[in-house]
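For reference, the structure discussed in these notes is given below.
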Ligand code: C2E
Ligand code: CA
Ligand code: CA
């Protein structure tokens, strides 16, 4: 078997390569010229052409290439020639015979073609030289013949392999030894070695040529055909093996990476944590775990749709990788939660610095298909072994720190502190407790009034749900609604709240308090086509008119599945309940778009209202929203009114309704009843309340 250099379409003509080619070609041509000149008779043998022809025929048979190295099967014929003829003639036979198919297709530069023939001729000359030196000639006894042939073929093979590897080394820059090793590993290498067995066959052919003439060459047909068959088989096997290995690598990558972002997944994260902690335990080192959660991701997802959410998540990895050091690992743990392992920390402040830098990166808006999205993040940090030397505990503490950070505001990091242990709600446990809690009536509604700014008349009450948890005490809605929203429990909970609110409305009605109750809906509620019927049914069951009820929904419902949501919204409006857009100003929809929907009211988000008395920008936003909202025919409510200044400002702006701590906090039903009763004037219908009564009352709270 002869290897003939690397298969490349564009041929590399670097000086070093040309030099190597010349190093082979020039001495060979000089040597052959010299020998032909001095031993002319030796070369005047017509059989030389027959041998060369036989080699050419075999070389013309297509044989699959092994990687970049191209092989031919003419090796045993060349070896026979080397056994029969002295080095010079053997070299000439190989030089004339060795034929690279690319030569016929004119794909080889002239010098390279000559070089390929030349290097094979050199190997064959070496074979001949070794054989004749060791054995003398083919009449030698078998115990001389055998080793001589083996040595000869070995010498020829080594020379050929070495030259080919050197050539490849010049082309690729890889070390010659590595290339040689690669030529001989795996199934292909095994095949090359067993193919060398044909060397013994060459002896047979060479000897019988001396007795039966050139017809002995025919003996090669069967083994060569067989070898070629084997070669192709081996080659397919090799390709399949490579593919399998590739597939395995891919599978492993898939198993350890998140398909959306291609970041490491939870599994790889945990594995890395285990490895890093083992290392640190041995070396008394320190490492950090960061848990990062995006702050406004759900909003993006709900408002703009999952497509944007997904694109946004894909941007996070590349953006944050700038901050991370080599060896740090960032994984997507699920949803909008990321985990970061910081190995080899000199001290805790390094982890804090990295967290700060990560948050700074997250502060920059992220461009997604032309939209600039603002999402910040909250990060919890836990340090090994400082906060725990047990990986699981460490992770839990990083998680608690993250919740503490979230609680402290957005874009904040927290280093774990034992006081955070209250944040270990182990959210899953909480979720598991929702269904029984509905049955046990652990959910309660608190009520917060809304009042007309103009005259202090009651405008309504908002029902706000809380969970009277047997162990945790009163759990605010922000801690469980987002969880419930992701489960099938949303419908039963909404159902429960709706019923409870209507029951309360009836109780108040009996007491002479006639005030509509507002119930909050999640965006996901509007994907539930049964909602309108359920509302109608609940109204019927409690004997309440549609005017007793209104719904507050955030703009986020508009984008998740607008067609479906707007359909449900329309049917709700048909039932006759009023609809209000909650948290207005924090979403992405415009007022003019909302105008096309059956909406009655907008509630300016409390984040603007709460600061309008100190922040001119916020005051501007409130003013513009009030103007526009009223012009478009909506009732405008300001929520989060916390002081008299804000109240007065809103009066001046012409806002319709106010809600907030300045009036009253959300109250348990008994307190709410007292509050409402005190503000329900016992007067004839149509009689106006005393001027400024609301202010007097409010001050008294
Ligand atoms: P929201 O609808 O924007 O409710 C107003 C929140 O602002 C309430 O918090 C209320 O206590 C608070 N708030 C009222 N006035 C003021 C004020 O002057 N200053 C300040 N700083 N805050 C004020 P709460 O009760 O914790 O409710 C949080 C959110 O939970 C609600 O936001 C609403 O989105 C959600 N939620 C409450 N009940 C339900 C429910 O039954 N179903 C659904 N889907 N969501 C609910
Ligand atoms: Ca609300
Ligand atoms: Ca609100």
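In the numbering used here, the protein residues as written are 1200 to 1900. Here a beta-carbon is modelled for each residue, glycine too, at the ideal position from N, C-alpha and C.
The beta carbon of residue 1312 sits closer than 7 Å to the beta carbons of 1299 and 1302 from its chain, once the five residues preceding and following it are set aside; these are given in chain order. Distance from the Cα of residue 1540 is smallest, within the candidate group 1400, 1729 and 1593, for 1593. Relative to the Cα of residue 1751, the nearest Cα in the group 1476, 1315, 1776 and 1404 belongs to 1776.
For residue 1654, the CB stays at least 7 Å from every heavy atom of ligand 3. One residue after another in chain order, those with a Cβ under 6 Å from a heavy atom of ligand 2 are 1661, 1719, 1751 and 1781.
Contact check for residue 1683 and residue 1644: beta-carbon distance about 15 Å, past the 8 Å limit, so the pair fails to qualify. When DSSP assignments are scanned along the region 1660-1693, the uninterrupted stretches of beta strand (DSSP E) that are 3 or more residues long and fall wholly within it turn out to be 1672-1674. Short note on residue 1820: C-beta not closer than 7 Å to any heavy atom of ligand 1. By alpha-carbon distance to residue 1260, the top candidate from 1401, 1427, 1639 and 1222 is 1427. DSSP, reduced to helix, strand and coil, places residue 1531 within a strand of the structure shown. Using a Cβ-Cβ distance cut-off of 8 Å, the region 1548-1565 and the region 1434-1448 are not in contact, since fewer than three pairs of beta carbons, one from each stretch, lie closer than that value.
Per DSSP, reduced to three states, the secondary structure at residue 1834 is strand. If you ignore the 5 residues before and after residue 1844, its C-beta comes within less than 7 Å of the C-beta of 1812, all in its own chain and listed in chain order. With fewer than 16 other Cβ atoms from the protein chains shown falling within 10 Å of its own Cβ, residue 1450 counts as exposed. Residue 1616 carries a coil assignment under DSSP once its states are collapsed to helix, strand and coil. With contacts defined by Cβ atoms closer than 8 Å, residue 1756 and residue 1764 form a contacting pair. When the Cα atoms are used, residue 1398 and residue 1422 turn out to be separated by approximately 11 Å.
Inter-residue distance for residue 1357 and residue 1286 is about 17 Å (C-alpha atoms, whole angstroms).
Within the DSSP bridge table, the entry for residue 1866 names 1646 as partners.
Measuring C-alpha to C-alpha distances from residue 1833 to each of 1819, 1859, 1803 and 1230 identifies 1803 as the nearest. Cβ neighbours of residue 1722 within its own chain (closer than 6 Å, five residues either side excluded): 1501, 1755, 1756 and 1759. By the Cβ rule, the region 1858-1870 counts as touching the region 1634-1652, because three or more pairs are nearer than 8 Å. Excluding sequence positions up to five before and after residue 1379, its CB lies within less than 7 Å of the CB of 1360 and 1364, all in the same chain and listed in chain order. In the structure shown, the three-state DSSP call for residue 1655 is coil. Where residue 1561 is concerned, the enclosing alpha helix (DSSP H) starts and stops at 1547-1562.
Between residue 1402 and residue 1282, the gap from beta carbon to beta carbon is short of 8 Å. Around the beta carbon of residue 1711, a 10 Å sphere encloses fewer than 16 other beta carbons of the protein chains shown; the residue is thus reported as exposed. Assigned with DSSP and collapsed to three states, residue 1491 falls in strand.
Residue side-chain check: residue 1860 places its Cβ nearer than 7 Å to a non-hydrogen atom of ligand 1.
In the three-state reduction of the DSSP assignment, residue 1842 falls in the coil class. Inclusion of residue 1802 in the 7 Å shell around ligand 3 follows from its C-beta lying nearer than that to a non-hydrogen atom of the ligand. Nearest to residue 1807 by C-alpha distance, out of 1799, 1665, 1800 and 1816, is 1816.
Judged by DSSP secondary structure, residue 1800 falls outside any alpha helix (DSSP H) and instead within the beta strand (DSSP E) spanning 1800-1803.
Here residue 1456 is bridged, per DSSP, to 1463.
For a cut-off of 8 Å, the C-beta gap from residue 1511 to residue 1567 is around 5 Å, short enough to register as a contact.
In this structure, residue 1369 keeps its C-beta atom at 8 Å or more from the C-beta atom of residue 1221.
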